[in-house]
Amino acid sequence: MYWDPSFDSWRHFGVRVNSEAWLVSADGTLIGERFFGFDDDAILAAVA
Numbered sequence: 024m025y026w027d028p029s030f031d032s033w034r035h036f037g038v039r040v041n042s043e044a045w046l047v048s049a050d051g052t053l054i055g056e057r058f059f060g061f062d063d064d065a066i067l068a069a070v071a
């Protein structure tokens, strides 16, 4: 969770809504993007 009251980080990363969640691999690759978070099964499947 990162909060930037200036919203500069939102613009930099292209965040569109407050409840946006990203799943990122150890090497920085974007695996998935969801609004309102990920469910446990989706996270476990991506990690597998």
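Numbering (this note's numbering), first residue to last: 24 to 71.
Note that CB positions come from ideal geometry on N, CA and C, so glycine has one too.
If you're wondering where the values come from, they're calculated on a predicted model, not measured in any experiment.
Take the alpha-carbon of P28 and the one of A44: they are about 18 Å apart. Note: V47 is bridge-paired with L53 in the DSSP secondary-structure output. For L53, same chain residues with a beta-carbon under 8 Å away, outside a window of 5 residues either side, are W45, L46 and V47 in chain order. Annotated three-state conformation of W26 is coil, per DSSP.
For R34, the enclosing alpha helix (DSSP H) begins and ends at D31 to F36.
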